[in-house]
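> Starting off with a structure, shown below.
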Amino acid sequence: MTLVTGHSAALDFAQPDPVDLSSGKYVKLWQGPQHPGITGNMSLELVLDGDTIIECKTHVGYLHRGFEKLMEQRTFIQNFTVVCRIAVPEPAFNEYLYAAAIEAISGVQSPPRAQWLRTLNLEMMRLASFLMWIGGQGGAFGQYTVANWSLTYRDYVLDLFEEMTGARIYHMYMVPGGVRAGLPAGFEKRILKLMDDTDKLLDQIERVMYNNVVFKARAKGLGVITREMVDPYGVVGPNARASGFRRDLRKDEPYLVYDQLDFNVISGSAGDAYERAYLRLQETRQSVNLIRQVIAGAPSDGPFQADMPNLLHWKVPAGETYVKAECTRGEYGYYMVTDGTEIVRRVHVRGPSYTHAIALMERLAVGTNIADIAGLMVSLHTYPPEIER
Amino acid sequence: MIAEWFGRAGNFSLTLLIVTVYGLLVGAFIERTIAKVQGRIGIPYRQPFINILKTLVKRTAVSHGIMFYLGPVFRIAGGIGTLAFIPVIYGSETFANFSYAGDLFLVIYFMFFGQLGMALGAGESGHPYSAIGIARGLSQMTAYEVPFALAVISIVIQYDTLSITEIVAAQQGGWQHWTLFTNWVATLAAMLAFLGMTGYSPFDIFLAPQEIPIGPPTEFHSAYLSLLQTNRALFGATKLVLFMNLFFGGATGWIELMIKTLAIYMVAVVVGVAFPRFRVDQSIRFFFKIPTLIGIISIIYVQMMFTS
Amino acid sequence: MMSELLDRLVRDFGVTDITERPPAITTLKVSKENGERLIRELRDREGFTHLNFIACTDWIEDGIFRLIYMLHNYDSKQNLGVHIDIKRDHAEMTSIHTLWAQAWTYQRELREMYGIHFPGSPRLEEDFCLEGWDAMPPMRRDFDTAKYSAERFGHREGRVSLVPRDHMKVQLYPNRGGDES
Amino acid sequence: MKKTPSTLSTLENAGLSAEDQLLFSNARPRPYEPYPIKAIEDFANWARANSLWILAFGTGCCSIELRPLMTARFDASRFGVAGRPTPRQSSVFIIGGYVSVKTLKRIVRSYEQMQGPKFIIALGSCPANGGMYFDSYNTINQFDLYLPVDLYVTGCMPRPEALLGAILELQDDIKAGKCDGANRYIEHFDEYKANQKKVIKDWNMPDYNW
Numbered sequence: 011m012t013l014v015t016g017h018s019a020a021l022d023f024a025q026p027d028p029v030d031l032s033s034g035k036y037v038k039l040w041q042g043p044q045h046p047g048i049t050g051n052m053s054l055e056l057v058l059d060g061d062t063i064i065e066c067k068t069h070v071g072y073l074h075r076g077f078e079k080l081m082e083q084r085t086f087i088q089n090f091t092v093v094c095r096i097a098v099p100e101p102a103f104n105e106y107l108y109a110a111a112i113e114a115i116s117g118v119q120s121p122p123r124a125q126w127l128r129t130l131n132l133e134m135m136r137l138a139s140f141l142m143w144i145g146g147q148g149g150a151f152g153q154y155t156v157a158n159w160s161l162t163y164r165d166y167v168l169d170l171f172e173e174m175t176g177a178r179i180y181h182m183y184m185v186p187g188g189v190r191a192g193l194p195a196g197f198e199k200r201i202l203k204l205m206d207d208t209d210k211l212l213d214q215i216e217r218v219m220y221n222n223v224v225f226k227a228r229a230k231g232l233g234v235i236t237r238e239m240v241d242p243y244g245v246v247g248p249n250a251r252a253s254g255f256r257r258d259l260r261k262d263e264p265y266l267v268y269d270q271l272d273f274n275v276i277s278g279s280a281g282d283a284y285e286r287a288y289l290r291l292q293e294t295r296q297s298v299n300l301i302r303q304v305i306a307g308a309p310s311d312g313p314f315q316a317d318m319p320n321l322l323h324w325k326v327p328a329g330e331t332y333v334k335a336e337c338t339r340g341e342y343g344y345y346m347v348t349d350g351t352e353i354v355r356r357v358h359v360r361g362p363s364y365t366h367a368i369a370l371m372e373r374l375a376v377g378t379n380i381a382d383i384a385g386l387m388v389s390l391h392t393y394p395p396e397i398e399r
Numbered sequence: 055m056i057a058e059w060f061g062r063a064g065n066f067s068l069t070l071l072i073v074t075v076y077g078l079l080v081g082a083f084i085e086r087t088i089a090k091v092q093g094r095i096g097i098p099y100r101q102p103f104i105n106i107l108k109t110l111v112k113r114t115a116v117s118h119g120i121m122f123y124l125g126p127v128f129r130i131a132g133g134i135g136t137l138a139f140i141p142v143i144y145g146s147e148t149f150a151n152f153s154y155a156g157d158l159f160l161v162i163y164f165m166f167f168g169q170l171g172m173a174l175g176a177g178e179s180g181h182p183y184s185a186i187g188i189a190r191g192l193s194q195m196t197a198y199e200v201p202f203a204l205a206v207i208s209i210v211i212q213y214d215t216l217s218i219t220e221i222v223a224a225q226q227g228g229w230q231h232w233t234l235f236t237n238w239v240a241t242l243a244a245m246l247a248f249l250g251m252t253g254y255s256p257f258d259i260f261l262a263p264q265e266i267p268i269g270p271p272t273e274f275h276s277a278y279l280s281l282l283q284t285n286r287a288l289f290g291a292t293k294l295v296l297f298m299n300l301f302f303g304g305a306t307g308w309i310e311l312m313i314k315t316l317a318i319y320m321v322a323v324v325v326g327v328a329f330p331r332f333r334v335d336q337s338i339r340f341f342f343k344i345p346t347l348i349g350i351i352s353i354i355y356v357q358m359m360f361t362s
Numbered sequence: 037m038m039s040e041l042l043d044r045l046v047r048d049f050g051v052t053d054i055t056e057r058p059p060a061i062t063t064l065k066v067s068k069e070n071g072e073r074l075i076r077e078l079r080d081r082e083g084f085t086h087l088n089f090i091a092c093t094d095w096i097e098d099g100i101f102r103l104i105y106m107l108h109n110y111d112s113k114q115n116l117g118v119h120i121d122i123k124r125d126h127a128e129m130t131s132i133h134t135l136w137a138q139a140w141t142y143q144r145e146l147r148e149m150y151g152i153h154f155p156g157s158p159r160l161e162e163d164f165c166l167e168g169w170d171a172m173p174p175m176r177r178d179f180d181t182a183k184y185s186a187e188r189f190g191h192r193e194g195r196v197s198l199v200p201r202d203h204m205k206v207q208l209y210p211n212r213g214g215d216e217s
Numbered sequence: 000m001k002k003t004p005s006t007l008s009t010l011e012n013a014g015l016s017a018e019d020q021l022l023f024s025n026a027r028p029r030p031y032e033p034y035p036i037k038a039i040e041d042f043a044n045w046a047r048a049n050s051l052w053i054l055a056f057g058t059g060c061c062s063i064e065l066r067p068l069m070t071a072r073f074d075a076s077r078f079g080v081a082g083r084p085t086p087r088q089s090s091v092f093i094i095g096g097y098v099s100v101k102t103l104k105r106i107v108r109s110y111e112q113m114q115g116p117k118f119i120i121a122l123g124s125c126p127a128n129g130g131m132y133f134d135s136y137n138t139i140n141q142f143d144l145y146l147p148v149d150l151y152v153t154g155c156m157p158r159p160e161a162l163l164g165a166i167l168e169l170q171d172d173i174k175a176g177k178c179d180g181a182n183r184y185i186e187h188f189d190e191y192k193a194n195q196k197k198v199i200k201d202w203n204m205p206d207y208n209w
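The structure is reproduced here in structure tokens:
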């Protein structure tokens with residue numbers, strides 16, 4: 011009769027009683043969708059008592075395109091143009107997971123070189139996404155200098171993506187059975203050069219932003235996720251690691267070539283916005299390091315695509331699977347059901363923002379100062395398009 | 055008599071024009087400096103002028119009431135009024151403006167005046183972010199005015215006068231006579247207050263585009279906004295001239311004025327470009343602690359050094 | 037370890053259709069009545085403390101919605117998918133919003149996208165993604181999104197919209213009238 | 000000046016409740032004439048073209064390219080472009096890609112609050128003809144049915160260079176006096192409104208957001 015850790019009866023998920031707005035004591039404020047301090051296109055409905063938030067409701071759906079419905083209208087290969095658009099700043103994880111789900115059901119094995127290239131692509135994506143996040147976190151607290159620096163470096167990573175895949179944002183690089191192309195000539199040299207520069211940039215960012223007394227004053231103690239909250243709220247990824255959990259799918263359930271790479275799971279303890287920000291900086295460094303390892307370890311020749319049946323009328327056997335990968339925000343997953351036809355029966359995309367931006371955000375926002383909402387929102391690292399899909 | 059007043063008003067108009075244009079140019083220069091730190095090229099020098107022109111020739115304007123009209127007018131009246139009583143160039147009859155024996159107190163009053171008028175105007179716009187911005191702006195202003203007022207009292211005791219012209223006169227004859235060197239404690243307190251006055255990071259919470267879309271002027275547009283933009287340049291330059299007069303020995307020519315004001319402005323910019331912004335309670339706490347303490351020390355210092 | 041657990045679940049909850057699926061998940065099926073009790077037991081006693089997601093598949097041929105609750109055990113690294121079949125008409129399921137904080141969000145989405153009712157789930161009737169929706173819940177299989185889009189939004193003159201899956205075949209095998217075989 | 004198509008002098012505001020109707024203006028917008036002297040109008044247009052303030056509203060995925068555009072790599076501020084957080088002060092609305100029905104409502108609201116002359120740049124193929132979401136139940140297929148578009152930029156998504164090109168193009172058009180989308184919107188106000196109300200089912204805002 012032992013209760014498993016992480017759950018306590020004291021945690022109450024019940025919705026609070028609605029605030030009596032007609033009393034005139036409170037102000038209702040919409041933050042977004044037309045608001046520069048919101049991440050992407052979503053909105054927060056805030057009720058204020060003075061400067062303090064007493065109620066927060068997340069509204070999503072401004073980006074809803076019905077991806078899961080659209081996927082049920084298209085063949086497996088046609089969906090590759092669709093899936094990458096689900097999470098705009100991080101399309102590569104969608105491509106990988108969609109390909110991995112099909113491979114799991116159909117039993118196709120991608121060759122080793124393709125796995126290394128996929129790992130490279132995912133880690134570059136992680137680096138680009140983290141760089142953008144650092145800029146966002148700086149901007150949310152008014153530190154525009156760092157935002158300009160890091161976004162520029164993200165653009166340099168996008169240049170490398172363009173070399174590797176032919177596209178800046180939406181690559182459509184990973185297909186079932188492998189990847190679309192190998193590396194262009196001289197790519198290794200250029201990426202290693204960029205990694206060296208990025209290391210220097212990250213040192214500078216740490217000096218200017220993370221060691222800054224004002225940044226510390228703003229971020230420390232903001233939006234604390236306690237250890238007890240992690241499991242009941244479904245917190246994953248850096249948000250959970252900053253609260254002291256050593257959970258990383260790359261280590262726990264290794265996929266691709268992560269079991270051959272040398273890295274440690276980074277975790278913190280305080281669980282506040284500063285801890286999360288610092289953890290993400292360390293993970294950015296880790297990502298740079300992993301890219302170096304992948305470049306050193308990747309085989310330079312060999313097939314990068316498995317033999318595939320004609321993709322146009324490929325009938326994937328009936329089955330069901332759930333594949334997941336560690337994206338920058340935590341567990342990203344694809345649940346796929348097939349029924350033996352040329353068209354997928356059902357795809358469900360599980361994005362970590364789904365829990366972070368709604369249940370967790372609504373809880374953390376209560377009691378926060380209105381000035382800190384943008385910073386809190388960014389520190390949870392949420393992307394609206396993966397919530398509403 | 056009347057002819058003399060007309061002459062002075064004409065001179066003042068000339069000063070006003072020069073200071074406004076100079077303020078706009080300084081604004082562009084500062085923008086470009088910040089852009090360089092961020093790795094950008096930045097706006098062209100003509101950009102602030104075009105912006106004002108563009109807002110002026112907007113085709114439509116929506117009003118929210120009489121106070122909404124008057125807000126920007128009060129604001130620019132505050133800017134003009136502040137400049138009107140500051141002698142811009144020491145020793146020049148043309149650019150002495152309406153400086154008189156008690157002008158220092160009037161100037162400090164006018165610096166408040168514009169902010170209050172703006173608060174009324176933005177309040178009438180009915181936008182909640184304006185109201186929040188006003189609340190933050192006024193409370194932060196109250197906070198930084200304390201060290202500033204203490205510093206001003208300190209130099210009033212030091213020079214035993216309320217006239218800016220006389221304060222400048224007392225600082226002539228070499229850099230060692232500047233308040234910066236004779237009363238560095240008061241200068242330090244005033245420069246910390248200056249960081250709050252300019253509205254750069256870390257004290258730009260009342261604008262804070264990421265949190266409350268630019269705060270008080272959220273609803274102002276078209277011609278109202280062009281007035282506010284003009285005032286921003288004018289008021290910014292006026293504050294620089296005031297600080298230069300009080301603490302940095304004033305200026306006897308335009309070139310000296312430019313060098314000194316730019317150097318003073320750079321202090322705020324260098325801090326601003328490296329820092330995120332404080333929350334309003336943090337910034338108030340900041341001003342009430344060290345700068346206020348320094349201000350009090352400066353008065354004690356002055357009492358010991360100059361009045362014995 | 038896993039088989040022990042599954043044996044116990046069969047005994048106590050009458051779960052059926054236990055299937056191992058690649059890459060590393062186990063799915064099982066449980067009746068609607070035992071569903072909430074099973075999930076609570078898995079969470080509280082067996083260490084499945086992480087709810088990955090709640091999703092639904094519309095099996096219109098069989099007249100059922102298949103709900104899937106994907107659970108994860110962080111200690112033993114097991115993934116368990118709980119299938120619960122409910123009837124398509126008057127679809128209703130016990131709410132589990134007291135177990136996980138994010139569960140009501142999923143239930144709100146399922147209410148909007150499939151029309152499944154979860155009695156007691158908070159803010160269930162609020163709009164989630166759609167606003168002012170007046171047609172059938174869009175994720176049901178019998179909802180024709182292309183037709184709806186054409187009627188509601190129209191198409192620009194000159195744009196030819198083809199059924200993607202047929203069009204590619206015609207493009208690639210023009211001589212055989214799109215017959216690829 | 001062209002006549003407005005409707006003979007009604009005020010708007011109905013039928014979507015609002017009785018007490019809310021008192022809070023909102025029901026005046027009809029009127030089209031605006033250029034300055035009578037051409038040289039002044041040209042000068043005004045030159046100023047408008049060289050000071051384009053973009054409304055900070057990322058409506059879709061293409062708006063992710065606005066960040067590289069505004070930051071150090073591409074730095075659009077060289078051309079007088081700046082981001083503005085409030086619709087009252089901005090003059091350019093960049094539609095970032097596909098527009099869902101829920102966002103369209105907010106776009107209309109933000110657009111009407113902008114002060115004329117105002118311009119719309121639509122990015123990507125989705126606002127032009129539905130793009131890859133042509134069969135989606137929640138995205139509109141032709142943006143110019145609902146609001147007047149001054150410039151379309153093709154691509155999925157358009158690169159920052161394409162956006163810079165679009166801004167330069169828009170500047171040329173404004174200088175030539177060709178961008179009068181705001182006037183077109185008001186002249187054909189009833190048609191645009193009817194189209195908007197056809198897709199936005201729960202119309203609970205005033206007919207024109209002053």
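Protein chains in written order, with the numbering used here: chain A, 11 to 399; chain B, 55 to 362; chain C, 37 to 217; chain D, 0 to 209.
Just so you know, even glycine gets a beta-carbon here, dropped at the ideal spot from N, CA and C.
Under the rule that 16 or more other beta-carbon atoms within 10 Å means buried, what is A/Ile235, buried or exposed?
Buried.
> Give the range of the alpha helix (DSSP H) segment to which D/Gln112 is assigned.
Looking at the DSSP string, the run of the alpha helix (DSSP H) that includes D/Gln112 is Val100 to Gln112.
> Roughly how many whole angstroms lie between the Cα atoms of B/Gly326 and A/Ala111?
Approximately 49 Å, taken between the alpha carbons.
> List the residues of chain A whose Cβ lies closer than 8 Å to the Cβ of C/Pro174, in chain order.
Ordered by position in chain A, the residues that pass the 8 Å Cβ test against C/Pro174 are Gly76 and Lys79.
> Return the residues of the stretch 56-70 of chain C that lie within a Cβ-Cβ distance of less than 9 Å from chain A, sorted by chain order.
Answer in chain order: Arg57, Pro58, Pro59, Ala60, Ile61 and Thr63.
> Would the beta-carbon of B/Ala322 fall within 7 Å of that of B/Lys314?
In this structure, B/Lys314 does not lie closer than 7 Å to B/Ala322 by Cβ.
> Could you tell me whether the Cβ of D/Ile199 comes closer than 7 Å to any Cβ of chain A?
It does not: the Cβ of D/Ile199 has no partner Cβ on chain A nearer than 7 Å.
> Can the beta-carbon of A/Glu100 be found less than 7 Å from the beta-carbon of A/Ser139?
Going by C-beta atoms, A/Glu100 is nearer than 7 Å to A/Ser139.
> Once the 5 residues before and after A/Arg178 are set aside, which same chain residues still bring their CB inside 7 Å of it?
Excluding residues within five positions, the ones whose Cβ falls inside 7 Å are Leu168, Phe171 and Glu172.
> So with Cβ pairs under 7 Å, would you call C/Thr52 a contact of chain A?
Cβ-Cβ to chain A under 7 Å: no for C/Thr52.
> Could you say which of A/Asp207, A/Asp206, A/Leu212 and A/Pro194 lies nearest to A/Val156 if we only look at CA atoms?
Comparing Cα-Cα distances from A/Val156 to each of A/Asp207, A/Asp206, A/Leu212 and A/Pro194, the minimum goes to A/Leu212.
> Please confirm whether C/Tyr184 has its beta-carbon closer than 7 Å to some beta-carbon of chain D.
So yes, C/Tyr184 belongs to the interface.
> Quick check on the DSSP output: the alpha helix (DSSP H) that includes B/Ser352 runs from which residue to which?
Segment Ile344 to Phe360, the alpha helix (DSSP H) holding B/Ser352.
> Does A/Gln153 get closer than 7 Å to chain B when you measure Cβ to Cβ?
By this cut-off, A/Gln153 is an interface position.
> Per DSSP, what kind of secondary structure is A/Ser160 in: helix, strand or coil?
A/Ser160 falls in the helix class under three-state DSSP.
> Alpha carbon to alpha carbon, how far is C/Tyr142 from C/Phe1? Give it in angstroms, no decimals.
Given that chain C is displayed from residue 37 to residue 217, the structure contains no residue 1 of chain C and the question cannot be resolved.
> Starting from the Cα of B/Val239, find the closest Cα among B/Pro102, B/Gly81 and B/Gln357 and give me that residue.
Nearest option by C-alpha distance: B/Gln357.
> Check whether the Cβ of C/Arg195 lies closer than 7 Å to any Cβ atom in chain D.
So, interface residue.
> Here's a check: name, in chain order, each residue in its chain whose Cβ is nearer than 8 Å to the Cβ of C/Arg144, leaving out the five neighbours to either side.
So the qualifying residues of the chain are Ser157, Arg159, Leu160, Glu162 and Phe164.
> Measuring only the C-alpha atoms, how far is A/Gly149 from D/Ile36?
Looking at the two C-alpha atoms, the distance is approximately 44 Å.
> Given a limit of 8 Å on CB to CB distance, which residues of the stretch 91-118 of chain D reach chain B?
For the stretch 91-118 of chain D, which is checked against every Cβ of chain B, the residues closer than 8 Å are Gln114, Gly115 and Pro116.
> Hey, does B/Pro201 have any beta-carbon neighbour from chain D nearer than 7 Å?
No, its Cβ sits nowhere closer than 7 Å to a Cβ of chain D.
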